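These notes are about the structure you will find just below.
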Amino acid sequence: MKKIVVFSAFFVLVFCMAVSGMAAVWPPAGFTESVADQNTAFPLTKATAVTVLAPLPASCPSHPTACDKLKFLRIRHINGPANPSNADRILIAQPGILEGASAFYNVAANLVTRAYNEKGKFVEFWAIDRRSNCLEDMNGLRLARETGKLHDMVDYYYRSKPYHGQYFQGYFKPLTDDVKWLAEMGMEQTLKDWNEVITRGIPDPSVRQQKVYIGGHSLGGFITGAYACADFDGDQTTLADAGYNQAAGYFALDSLITSDTLLSVQGGDSVTLGYLIGKIPDSAVYLMRKGLFERFIFLPGVITPEIMNLLTGVGYAAMVAPNAESDLVSYLPASISVKNCYRFYHSKNIWDYALVTPSIYKFRYTNQALMALFMDDNAMPINIIQASIGFFAGGSVAEKKFPFGSGGTLAIANNSGTALRKGPLYRWINYDEIEGAAIPYNNDGMPFTTAAKEVTDANDLARSLGALPMDFVEKYFPMRLAVEAMMGSDVIVHPDGISQRPVINIVAGDGAKLGLDQLPPDSPVTPGYNHLDVLTAAAVQNDGEPEKVTTSLLDFIF
70 MKKIVVFSAF FVLVFCMAVS GMAAVWPPAG FTESVADQNT AFPLTKATAV
120 TVLAPLPASC PSHPTACDKL KFLRIRHING PANPSNADRI LIAQPGILEG
170 ASAFYNVAAN LVTRAYNEKG KFVEFWAIDR RSNCLEDMNG LRLARETGKL
220 HDMVDYYYRS KPYHGQYFQG YFKPLTDDVK WLAEMGMEQT LKDWNEVITR
270 GIPDPSVRQQ KVYIGGHSLG GFITGAYACA DFDGDQTTLA DAGYNQAAGY
320 FALDSLITSD TLLSVQGGDS VTLGYLIGKI PDSAVYLMRK GLFERFIFLP
370 GVITPEIMNL LTGVGYAAMV APNAESDLVS YLPASISVKN CYRFYHSKNI
420 WDYALVTPSI YKFRYTNQAL MALFMDDNAM PINIIQASIG FFAGGSVAEK
470 KFPFGSGGTL AIANNSGTAL RKGPLYRWIN YDEIEGAAIP YNNDGMPFTT
520 AAKEVTDAND LARSLGALPM DFVEKYFPMR LAVEAMMGSD VIVHPDGISQ
570 RPVINIVAGD GAKLGLDQLP PDSPVTPGYN HLDVLTAAAV QNDGEPEKVT
620 TSLLDFIF
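Those letters in the sequence shown? Residues 70 to 627, by my numbering.
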């Protein structure tokens, strides 16, 4: 009798734990967790890399074994529960176009830190690294970090230097059969992958509906809207599997939670995206499958896997030696695509671009200034790749009008020296050093920037760019996902899904203003922020106040 009573008590305990979600095992079946780079700016947080076994359908064309797994970056408080289901809130986010998981390093770690310090709550942040990132070869960065020699990264990719016996096999081409499978990576598969992470990672539906907030940056807002309206069991009359029933609410970072297409929203970001992709042909998916249309975004001289990989290296150099003079441009045996990239991003006007004068090879930059050349809103002309991290110093600048005009904010170095004398070393003034600094004036007699317009610490951005095992960029972004986000797909089954849960759309005041005309009037606006700043902004701003995106998110989820 005593044994029966003990057994019954044990059974009741297990049952109660299961009902409350406490019985969920972490990591669950098919999940593995490993070390990831820590965000040293937020020492009370812990980052890990989580891999999820999730094979693609048998009908999918041949693909690497690594692509049968999903990955995400898990960021939590060092004192938080090991099992995420026991956290107070879990935010699960989709990156924007061309972005990887580590783009969220700063906003995630800052949110986790502030939630505990200000609310006494444990928050987790999961940043999705979409399936196509399985094609990336990060061994060059691994090699440089192990040897401490930045040139080793270049040598791995360009001079056949091995990493533990492995050699770089080259960059994939957008029309070859080895990336044919990417033609199947559209909105439907992206949503299924996300659902695998959400429902298997937080297995109790009641916990998901109380604690899980899903969202995204840029294109990630549209993916979130599609997820909210999607159906995952093939039966639209059953609602337990509906996307909106897997979450407590939705958040967008310089984006819009909507089931509408990018083109129908007619926002600034969609204009840039359309430029990057070019004219979309009829029957685009059919043409992708036949190898007649690019399977991933590929714009020679502007956006290619090789160019984005260089951005990772530039970021790593800025992290380990920010003030050292960069020799990456001269040391790298540049391909035609990279040379055209230098022309595109380092030309003052159309004439400089056409004549390749003055060449970037003649200018001297610190590693941090070189990173800013390709990322800062006062140098980078493409708005979806802009962060506000400071301004140039050390030499004179001119207004940059190529390729889309200046708007009075774009500047470019204009002193490359002479045949007899080297030019000045251009360095970088960080975001919190702008106040009181001598900022040059544009052609209208106004300073190119002010302290109120600078919000991201260059050191934080460099850390995110050079992170492992998941980096800041998505080098092989599926063209089908971009096309279906712009033009639509058949994933919208429950059109009222968004209205079933609370929503916050956080707007970057100087950003892409995606879906501006459709944003609810109470959407919080973060002044001075550009498109990437909603992810990368520093914990303390130049006005002495805490970072504003995390302030809005905290108010929303609690």
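Glycine is no exception: its CB is placed at the ideal position from the N, C-alpha and C atoms. Small disclaimer: the values here were computed from a predicted structure and weren't measured.
Have a look at P589 and K582 and give me their C-alpha separation to the nearest angstrom. 13 Å
Could you check the C-alpha separation between K616 and A607 for me, to the nearest Å? Checking the displayed sequence, the identity of residue 616 turns out to be Glu instead of Lys. Roughly 6 Å separates the two Cα atoms.
Nonlocal neighbours in the same chain, by C-beta distance under 7 Å from H146, ignoring five residues either side: For H146, the CB contacts under 7 Å within the same chain, skipping 5 residues up- and downstream, are L113, T114, V181, Y185, F191 in chain order.
Is L160 helix, strand or coil when you go by DSSP? strand
Which of the three DSSP states, helix, strand or coil, is assigned to Y282? strand
Tell me whether W95 sits in a helix, a strand or coil according to DSSP, three-state version. coil
Taking the continuous alpha helix (DSSP H) assigned at S333, which residues delimit it? 331-334
Whole angstroms is fine: what's the gap from Y434's alpha carbon to Q279's? 50 Å
Jot down the residue ranges of each uninterrupted alpha helix (DSSP H) in the stretch 230-303, minimum 4 residues, whole runs only, in chain order. 256-270, 274-280, 288-297
Do E523 and I573 count as a contact pair if the criterion is CB distance below 8 Å? no
Going by Cα to Cα distance, which pick from R364, D446, A390, S333 is closest to L244? Ranking R364, D446, A390, S333 by Cα distance to L244 puts R364 first.
From the DSSP output, in three-state form, read off S352 for me. It is coil, neither helix nor strand.
Does the beta-carbon distance from Y500 to T525 come in below 8 Å? Closer than 8 Å, so yes.
Cβ contact check for the stretch 378-398 and the stretch 350-359: 3 or more pairs under 8 Å: The stretch 378-398 is not in contact with the stretch 350-359.
Would you report the Cα separation of A156 and E193, rounded to the nearest angstrom? 7 Å
Are N599 and Q455 touching if we call contact CB-CB under 8 Å? yes
Of the listed residues A295, K261, Q107, nearest to A178 (C-alpha basis): Q107
Can you give, in chain order, each stretch of the alpha helix (DSSP H) that sits fully within the stretch 516-587 and has at least 4 residues? 527-534, 548-556
Hey, how far is the Cα of V371 from the Cα of C410? 5 Å
Extract the residue ranges of the beta strand (DSSP E) inside the stretch 401-475, only unbroken runs of 3 or more that lie entirely within it. 459-462, 466-468
Environment of E543 [buried if 16+ CB atoms lie within 10 Å]: buried
Do you know how far the Cα of L368 is from the Cα of M440? 21 Å
Under the three-state DSSP convention, the category Y598 falls into: coil
Which word fits W263, buried or exposed, when buried means at least 16 other C-beta atoms lie within 10 angstroms of its C-beta? buried
Presumed contact (8 Å Cβ cut-off) between P450 and P472, rounded CB distance: 6 Å
Can you name, in chain order, every residue of its own chain whose Cβ lies under 7 Å from the Cβ of E375, other than the five neighbours on each side? Y240, S404, S406, V407
Helix, strand or coil for R183 per DSSP? helix
Could you check where the alpha helix (DSSP H) with Y227 kicks off and where it finishes? 219-227
Where does E168 sit, in a helix, a strand or coil, going by DSSP? strand
With a 10 Å radius around its C-beta and 16 neighbouring C-beta atoms as the bar for buried, classify M556 as buried or exposed. Looking at its Cβ environment, which holds fewer than 16 other Cβ atoms inside 10 Å, M556 is exposed.
Could you check how far apart the C-beta atoms of S312 and Y296 are, in whole angstroms? I think they sit under 8 Å. A small fix is needed here, since residue 312 is Gly in this sequence, not Ser. Right, the Cβ-Cβ distance comes to about 4 Å (below 8 Å), so this counts as a contact.
What separation, rounded to the nearest whole angstrom, lies between the Cα atoms of P350 and S428? Taking the straight line joining both Cα atoms gives about 36 Å.
What is the rounded straight-line gap between the Cα of L361 and the Cα of G290? Looking at the two C-alpha atoms, the distance is approximately 30 Å.
For G285, I'd like the list of residues in its chain whose CB is within less than 6 Å of its CB, leaving aside the five on either flank, ordered along the chain. A162, Q163, I292, T293
Apart from the five residues on each side of it in sequence, which residues of its chain come closer than 6 Å, Cβ to Cβ, to A172? If we look at A172 and ignore the five residues flanking it on each side, its Cβ neighbours are P164, F541, L604.
Taking 8 Å as the cut-off, decide whether the C-beta atoms of V576 and S592 are in contact. yes
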